[in-house]
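What follows is a short report on a single structure.
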Amino acid sequence: MCVQFMGHTPTLLVRSRFALTRTPIKGFVKVVKSKAYFRRYQVKFRRRREGKTDYFARKRLVIQDKNKYNTPKYRLIVRITNRDIISQIAYARIEGDMIVSAAYSHELPKYGVKVGLTNYASAYCTGLLLARRLLNKFGLDTIYEGQVEITGDEYNVESVDGHPSAFTCYLDAGLARTTTGNKVFAVMKGAVDGGLAIPHSIKRFPGYDSESKEFNAEVHRRYIYGLNIADYMAQLNEDDEDAFKKQFSRYIKNGVASDSVEKMYKAAHTAIRASPVHVKKPKRDVKIKRWNRAKLSLAQRKDRVAQKKASFLRAQKAEED
1 MCVQFMGHTP TLLVRSRFAL TRTPIKGFVK VVKSKAYFRR YQVKFRRRRE GKTDYFARKR
61 LVIQDKNKYN TPKYRLIVRI TNRDIISQIA YARIEGDMIV SAAYSHELPK YGVKVGLTNY
121 ASAYCTGLLL ARRLLNKFGL DTIYEGQVEI TGDEYNVESV DGHPSAFTCY LDAGLARTTT
181 GNKVFAVMKG AVDGGLAIPH SIKRFPGYDS ESKEFNAEVH RRYIYGLNIA DYMAQLNEDD
241 EDAFKKQFSR YIKNGVASDS VEKMYKAAHT AIRASPVHVK KPKRDVKIKR WNRAKLSLAQ
301 RKDRVAQKKA SFLRAQKAEE D
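Using our numbering, the letters of the sequence shown correspond one by one to residues 1 to 321.
Shown next as structure tokens:
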């Protein structure tokens, strides 16, 4: 059975046992969703309707092997916004995800990185901070130091005999496009160099050529230290000084020049390894202002009524006199 268009009238070819017959198709048949369809309709999960969660990916990241019983399956959650980079280590429970540790790029000014908090180099610093903070929390920071000398090449954490196993987790990139050079992988690389065991390959790092199937670690190292930004700063300053002052105004304000970018990130890596622990801010003594009247108690209301009553009686007596 097939449809043929002869002139302006579509015809349906029906092959019977004996011959091929042509039947003209009359009009357009509208598909009507019946009551049976709506009775069987199932509403999708709220976060799917909002377009926030990929449940196909989440199911595979969350489900743990049955022979591991209730052992948590940890995820490295990375989310990148316009002004911040969020990285968390979490595991799933029926009540919701439990956050074990977290690090944010807005913490980096404390370690000397005051500008460019959403670039590739800052994403690496955020991942490194998360890894060192987590291992410090579990007392594994001295056993698994990670890769102190950054080369940009492939590095994998292996468990040390006679000590607890390396902390293993899996990258959760959310709805981000996992293209080569994505900043999600910068956070993951920082976490791996910080001492976390995360299964990965080099195919999504800057410096990997999909045609030749070769990886240039030096290109990746330059991205980690922000040298790609430094080169652009120097070039723009030569070509158009006004555009440079406009685009890199915060760099100029904080005294960050193109030749000092690498030093800034090297110092940040050292500072993160020295003190990764999050320090809570002291609570501020805030006096709450009230813009409406405070609610009266029962005794106060009774007293108010008594005062009004006495005032009214005095005024009445004064009129009589």
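The C-beta atom is built at its ideal place from N, Cα and C for all residues, glycine as well.
Inter-residue Cα distance where the pair is residue i and residue j
i: Q300; j: A294; result: 11 Å
i: Q247; j: L117; result: 15 Å
i: N119; j: K183; result: 7 Å
i: G226; j: R58; result: 32 Å
i: R132; j: E107; result: 14 Å
i: V78; j: A102; result: 10 Å
i: D54; j: F215; result: 30 Å
i: E125; j: A268; result: The sequence shown places Cys at residue 125, rather than the Glu named in the question. So the alpha carbons of these two residues sit roughly 8 Å apart.
i: P282; j: E241; result: 43 Å
i: V187; j: I89; result: 12 Å
i: F167; j: G195; result: 8 Å
i: H278; j: V256; result: 26 Å
i: R314; j: L296; result: 25 Å
i: V62; j: F56; result: 11 Å
i: R47; j: K308; result: 58 Å
i: K35; j: S201; result: 51 Å
i: K280; j: M98; result: 20 Å
i: F185; j: I150; result: 15 Å
i: V100; j: P72; result: 11 Å
C-beta atoms of residue i and residue j nearer than 8 Å
i: Y104; j: Y91; result: no
i: P250; j: V115; result: The residue asked about is misnamed: residue 250 is Arg in this sequence, not Pro. Yes; because the gap between Cβ atoms is below 8 Å, this pair is in contact.
i: I85; j: S122; result: yes
i: I198; j: L76; result: yes
i: G127; j: G181; result: no
i: G174; j: I224; result: no
i: P206; j: V192; result: no
i: L140; j: P276; result: no
Cβ-based burial, residue i [other Cβ within 10 Å; buried from 16]
i: V113; result: buried
i: L298; result: exposed
i: Q64; result: exposed
i: K287; result: exposed
i: S212; result: exposed
i: Y265; result: buried
i: A310; result: exposed
i: G146; result: buried
Close Cβ partners of residue i (< 8 Å) along its chain, the five nearest in sequence each way excluded
i: R39; result: none
i: L236; result: A243, F244, Q247 and F248
i: S210; result: T180 and K203
6 Å Cβ shell around residue i - same chain, five flanking residues per side excluded
i: V291; result: Note that residue 291 is Trp in the sequence shown here, rather than Val. Here the set comprises nothing.
i: I80; result: K183
Same chain, Cβ closer than 7 Å to residue i, five either side skipped, listed in chain order
i: I143; result: V160 and H163
i: A234; result: S258
i: Y208; result: T180, I202 and F215
The region 155-166 in contact with the region 254-265 per 3-pair CB rule at 8 Å: No contact exists between the region 155-166 and the region 254-265.
Inter-stretch contact at 8 Å, needing at least 3 Cβ pairs: the region 40-51 / the region 132-139: With fewer than three CB-CB distances shorter than 8 Å, the region 40-51 does not count as touching the region 132-139.
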